[in-house]
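Participant: Residue numbers (my numbering), protein chains in the order written: chain A, 2 to 167; chain B, 2 to 167.
2 protein chains.
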Amino acid sequence: MDWTFRPIGTIRSPFVKQEGTPIQPCFAHDARGEIILDETFAPALKDLEGFERIWVLHVLDRSTSWEPLVKPYLDDVKRGVFAVRSPARPNPIGLSCLRLVGIEGSILFVAELDILDGTPVLDIKPYVPRFDCYPNVRAGWLDQTNSRAFKADGRFEKKPGNGEDG
Amino acid sequence: MDWTFRPIGTIRSPFVKQEGTPIQPCFAHDARGEIILDETFAPALKDLEGFERIWVLHVLDRSTSWEPLVKPYLDDVKRGVFAVRSPARPNPIGLSCLRLVGIEGSILFVAELDILDGTPVLDIKPYVPRFDCYPNVRAGWLDQTNSRAFKADGRFEKKPGNGEDG
Numbered sequence: 002m003d004w005t006f007r008p009i010g011t012i013r014s015p016f017v018k019q020e021g022t023p024i025q026p027c028f029a030h031d032a033r034g035e036i037i038l039d040e041t042f043a044p045a046l047k048d049l050e051g052f053e054r055i056w057v058l059h060v061l062d063r064s065t066s067w068e069p070l071v072k073p074y075l076d077d078v079k080r081g082v083f084a085v086r087s088p089a090r091p092n093p094i095g096l097s098c099l100r101l102v103g104i105e106g107s108i109l110f111v112a113e114l115d116i117l118d119g120t121p122v123l124d125i126k127p128y129v130p131r132f133d134c135y136p137n138v139r140a141g142w143l144d145q146t147n148s149r150a151f152k153a154d155g156r157f158e159k160k161p162g163n164g165e166d167g
Numbered sequence: 002m003d004w005t006f007r008p009i010g011t012i013r014s015p016f017v018k019q020e021g022t023p024i025q026p027c028f029a030h031d032a033r034g035e036i037i038l039d040e041t042f043a044p045a046l047k048d049l050e051g052f053e054r055i056w057v058l059h060v061l062d063r064s065t066s067w068e069p070l071v072k073p074y075l076d077d078v079k080r081g082v083f084a085v086r087s088p089a090r091p092n093p094i095g096l097s098c099l100r101l102v103g104i105e106g107s108i109l110f111v112a113e114l115d116i117l118d119g120t121p122v123l124d125i126k127p128y129v130p131r132f133d134c135y136p137n138v139r140a141g142w143l144d145q146t147n148s149r150a151f152k153a154d155g156r157f158e159k160k161p162g163n164g165e166d167g
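1) Closer than 8 Å is the cut-off here; do at least three beta carbon pairs connect the segment 45 to 52 of chain B with the segment 18 to 32 of chain A?
2) Can you check DSSP and say which residues form a bridge with A/His59?
3) How long is the line joining the alpha carbons of B/Asn147 and A/Ser107, rounded to whole angstroms?
4) Does the segment 105 to 124 of chain B come into contact with the segment 27 to 38 of chain B, if we say contact requires no fewer than three beta-carbon pairs (one atom in each stretch) closer than 8 Å?
5) Using a C-beta cutoff of 7 Å, does A/Asp166 count as contacting chain B?
6) Quick check: the Cα distance between B/Asp166 and B/Asp62, rounded to an integer number of angstroms?
7) Going by DSSP, which residues form a beta bridge with A/Trp4?
8) How is A/Pro23 classed by DSSP in three states: helix, strand or coil?
9) Establish whether the CB of B/Leu46 and some CB of chain A are separated by less than 7 Å.
10) According to DSSP, is A/Ala140 part of a helix, a strand, or is it coil?
11) Does DSSP put B/Asp130 in a helix, in a strand, or in coil?
12) Label B/Asp48 either buried or exposed according to how many other C-beta atoms from any shown protein chain fall within 10 Å of its C-beta, with 16 as the threshold for buried.
13) What residue range is occupied by the uninterrupted beta strand (DSSP E) comprising B/Glu35?
14) Output needed in chain order: residues of the segment 54 to 68 of chain A with a Cβ under 9 Å from some Cβ in chain B.
15) Going by C-alpha distance, which of B/Cys134, B/Tyr128 and B/Pro130 is nearest A/Pro130?
16) Quick one: what's got a C-beta closer than 8 Å to B/Ile24's C-beta in the same chain, skipping five residues either side?
17) How far does the beta strand (DSSP E) with A/Ala112 in it reach, from first residue to last?
18) Please classify A/Asp31 as buried or exposed, where buried requires at least 16 other C-beta atoms within 10 Å of its C-beta.
19) Which class does A/Val102 belong to by DSSP, given the choice of helix, strand or coil?
20) Does any residue of chain A bring its CB to less than 7 Å from the CB of B/Arg156?
21) Between the segment 95 to 127 of chain B and chain A, which residues of the former have CB atoms less than 8 Å from a CB of the latter, in chain order?
22) Would you report the Cα separation of B/Asn92 and A/Leu123, rounded to the nearest angstrom?
23) Below 7 Å on C-beta distance, what does A/Asn147 contact in chain B?
24) Could you list which residues in chain C have their beta carbon closer than 8 Å to that of A/Phe132, in chain order?
25) Any beta-carbon of chain A closer than 7 Å to the one on B/Ala150?
26) Can you round the beta-carbon distance between A/Leu70 and A/Val82 to whole angstroms, since I take them to be within the 8 Å contact cut?
27) Spatial neighbours of A/Ala29 within its chain, please: C-beta separation below 7 Å, excluding the five flanking residues on both sides.
28) Among residues of its own chain, excluding the 5 on either side of B/Thr11, which ones have a beta-carbon nearer than 8 Å to its beta-carbon?
29) Report all residues from its chain with a CB closer than 7 Å to the CB of B/Arg1; omit the five preceding and five following residues, and keep chain order.
30) Could you check what DSSP says for A/Asn163 in three-state terms: helix, strand or coil?
31) Using a Cβ cut-off of 8 Å, pull out every chain B residue sitting near A/Asp31, in sequence order please.
32) Quick one: using the 10 Å Cβ neighbour count with 16 as the cut-off for buried, is B/Arg100 buried or exposed?
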């Protein structure tokens, strides 16, 4: 059974293509932007400003189709797609922990942004250290990598003219 | 524009209704279960076993319809729905950081499970402390609460016979 979701808003970002975009919020300290929610959602943002960070669930709408094994940005070896955070996934839903700078009406001002301009937003949740922070857990191949490729290239991006561009 | 996603698998859990289910993995140390993926996804699990924890994105398929303000499990005051982690949301997508115990074929054995039996799974991502762990950030109203209501009641659950049960 398929599940259909309607975006609650859109990302406004300085990044318009994957190449050059930070691959995670922790590599994007200077990047600022906004989450423009539909105005009907403004009341649902009550109490959110007390949180320093938010989870943003978004549609990775410019990603190529997925494959079981992919070469991630931070490694030279093909890894299982569920063991990487790359955007080309069976269900292309992105998860970013952004810093919340402020809220005005239905607009959220955010920093440490790693999301492309125009990206549809599905959900916003508060970041809660008690629920979300596990500082010393093993992180598989990512514990071994020394890569410093903290910005994306275009490997997971749909190319204009190849029939995948939408 | 709506987005449609097809689940990659299903949760097998000891919890069959919201009432009594742990409200977050950190309150569910003893709860074990499985994620039964479609067999076609087995190759995409390569390298995941090196990770101690995984993010599971799932459909909160038994939740009531959403409202802008809700009374969360851990407080007696109505809060904006985007400032709580309750299941009744505009797009009912759940985010759980489970402990990965093992993998056999396309079955993942997990602990610290806070998800209902039969829940559709949309995505699995590795938990990476460098990306996901922010230990000392402010957490708004949740920094003030002293509630110890670590298990759900039925407040966000569809009731049989009221036309919402599905």
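Idealized CB from N, CA, C, for every residue including glycine.
Facilitator: With the structure as the only source:
1) By the Cβ criterion, the segment 45 to 52 of chain B is not in contact with the segment 18 to 32 of chain A, since fewer than three pairs of Cβ atoms, one from each stretch, lie closer than 8 Å.
2) Your numbering for residue 59 of chain A matches position 58 in the first sequence. Answer is A/Gly95 and A/Val122, bridged to A/His59.
3) Here residue 147 of chain B refers to the residue found at position 146 when the second sequence is read from its first residue. Here residue 107 of chain A refers to the residue found at position 106 when the first sequence is read from its first residue. Looking at the two C-alpha atoms, the distance is approximately 30 Å.
4) Contact holds: three or more Cβ-Cβ distances are below 8 Å.
5) Counted from its first residue, the first sequence places residue 166 of chain A at position 165. Legend: pLDDT at A/Asp166 = 35, less than 50; position of this residue unreliable, value from coordinates given subsequently. False, the Cβ-Cβ gap to chain B never drops below 7 Å.
6) Taking the first residue of the second sequence as position 1, residue 166 of chain B is located at position 165. Taking the first residue of the second sequence as position 1, residue 62 of chain B is located at position 61. Unreliable placement is indicated for B/Asp166, whose pLDDT of 35 sits below 50; the coordinate value is still reported in the next sentence. One C-alpha to the other measures close to 10 Å.
7) By one-based count along the first sequence, residue 4 of chain A stands at place 3. A/Trp4 pairs with B/Phe6.
8) Here residue 23 of chain A corresponds to residue number 22 of the first sequence, with the count starting at 1. Under the three-state reduction of DSSP output, A/Pro23 falls in the strand class.
9) Translated into positions along the second sequence, residue 46 of chain B becomes position 45. Yes, B/Leu46 counts as interfacial toward chain A.
10) By one-based count along the first sequence, residue 140 of chain A stands at place 139. Here A/Ala140 sits in strand by DSSP.
11) As a first step, residue 130 of chain B is located in the second sequence; it is residue number 129 there, counting from the start. Correcting the residue type first, residue 130 of chain B is Pro in the shown sequence and not Asp. Residue state, collapsed to three classes: helix.
12) As a working note, residue 48 of chain B is residue 47 in the second sequence. By the neighbour-count rule (16 or more Cβ atoms within 10 Å), B/Asp48 is buried.
13) Translated into positions along the second sequence, residue 35 of chain B becomes position 34. Under the DSSP assignment, B/Glu35 falls in the beta strand (DSSP E) whose first and last residues are Arg33 to Leu38.
14) Arg54, Ile55, Trp56, Leu58, Val60, Asp62, Trp67 and Glu68: these are the residues of the segment 54 to 68 of chain A whose beta carbon lies less than 9 Å from some beta carbon of chain B, given in chain order.
15) By one-based count along the first sequence, residue 130 of chain A stands at place 129. Closest by alpha carbon: B/Cys134.
16) Counted from its first residue, the second sequence places residue 24 of chain B at position 23. Within the same chain, B/Ile24 has close Cβ partners Tyr74, Leu75, Arg86, Asp115, Ala150, Phe151, Lys152 and Ala153.
17) If you number the first sequence from 1, residue 112 of chain A lands on position 111. Looking at the DSSP string, the run of the beta strand (DSSP E) that includes A/Ala112 is Ile108 to Ala112.
18) For this step, residue 31 of chain A is matched to residue 30 along the first sequence. Its Cβ having fewer than 16 others within 10 Å, A/Asp31 is exposed.
19) Mapped onto the first sequence, residue 102 of chain A falls at position 101. In the structure shown, A/Val102 sits in a strand (DSSP, three-state: E or B).
20) On the second sequence, position 155 is the one that residue 156 of chain B refers to. Cβ-Cβ to chain A under 7 Å: no for B/Arg156.
21) Leu96, Cys98, Pro121, Leu123, Asp124, Ile125, Lys126 and Pro127
22) As a working note, residue 92 of chain B is residue 91 in the second sequence. As a working note, residue 123 of chain A is residue 122 in the first sequence. So the alpha carbons of these two residues sit roughly 6 Å apart.
23) Position 146 of the first sequence, counting from 1, holds the residue named residue 147 of chain A. Simply none; closest approach about 13 Å.
24) No chain C is present in this structure, whose protein chains are A and B.
25) Here residue 150 of chain B refers to the residue found at position 149 when the second sequence is read from its first residue. B/Ala150 does not count as touching chain A.
26) Indexing the first sequence from 1 puts residue 70 of chain A at position 69. Indexing the first sequence from 1 puts residue 82 of chain A at position 81. Confirmed, Cβ separation roughly 7 Å.
27) Counting from one through the first sequence, the residue named residue 29 of chain A turns up at place 28. Here the set comprises Pro23, Glu113, Leu114 and Asp115.
28) Position 10 of the second sequence, counting from 1, holds the residue named residue 11 of chain B. Counting only Cβ-Cβ distances below 8 Å, and skipping sequence neighbours, we find Ile36, Ile37, Gly119, Thr120, Pro121 and Val122.
29) No statement about residue 1 of chain B is possible, as the shown extent of chain B runs from 2 to 167 and does not include it.
30) The residue labelled residue 163 of chain A in the question sits at position 162 within the first sequence. Interpretation of A/Asn163 is limited by its pLDDT of 44, a score under 50 that renders its predicted location unreliable; the figure taken from the coordinates is listed afterwards. Here A/Asn163 sits in coil by DSSP.
31) The residue given as residue 31 of chain A occupies position 30 in the first sequence. Within 8 Å Cβ-Cβ: nothing; A/Asp31 doesn't reach chain B, min ~18 Å.
32) As a first step, residue 100 of chain B is located in the second sequence; it is residue number 99 there, counting from the start. Result: buried.
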